[in-house]
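Report on the structure given below.
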Amino acid sequence: MRDQEPTDMQDYFHDDAATFGDRMAAAREAIGLDQSRLAKRLGLRVDTIRNWEDDRAEPRANRIQMLAGVLGVSITWLLSGQGDGITVGADNDGDLATILAEVRAIRIEQTRLAERSGQLEKKLRSMVL
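Numbering-wise (our numbering), the sequence shown opens with residue 119 and increments by one.
Right, dumping it as structure tokens:
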């Protein structure tokens, strides 16, 4: 028995069929950002964001981590659709979500910088001693 054809546009799109780009665009829109603002927050060109959302290119691992933080979703959800993704409904206030996403991104960046700082200090000590 064949699967039934979708009867309307709402049935056409399913989470199972969503791509990385689809999830990224949905999460971006859920927090009220356009591609330009997201690119600026990540320090990227708008073309890069557009290519990721259109599934013409894929971000590197470090960019995925920052992207998930800014968008307020888990890395796992962004990559596979499983886990903590976007929330829909009255609790999803765009300004609040944007601020929380930015705080998450800053925390991720702080962790990365702390690790890098530790590596450099270790290298300096080995050079001096």
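Heads up, the beta-carbon is just placed ideally off N, CA and C, and yes, glycines get one too.
Counting C-beta atoms within 10 angstroms of its own C-beta, M184 has 16 or more neighbours from the protein chains shown and is therefore classed as buried.
One alpha carbon belongs to R146, the other to M245, and they sit about 45 Å apart.
Between the alpha carbons of Q228 and M142 lies a gap of roughly 23 Å.
One alpha carbon belongs to E239, the other to R230, and they sit about 14 Å apart. Under the three-state reduction of DSSP output, V164 falls in the helix class. In the DSSP annotation of this structure, D202 is not part of any alpha helix (DSSP H), being labelled neither H nor E. Only residues of its own chain outside the window of five on either side were considered, and among them I182, Q183, A186 have a CB closer than 7 Å to the CB of I193, listed in chain order. Residue environment analysis places A179 among the exposed positions, since fewer than 16 neighbouring C-beta atoms fall within 10 angstroms of its C-beta.
In the three-state DSSP reduction, G187 falls in the helix class (H, G or I).
A straight-line Cα-Cα distance of about 46 Å links V164 and L247.
Membership of G139 in the alpha helix (DSSP H) is indicated by the continuous run 138 to 148. Non-local beta-carbon contacts of E171 in its own chain, meaning distances under 6 Å to residues more than five positions away in sequence, involve G139, M142, A143 in chain order.
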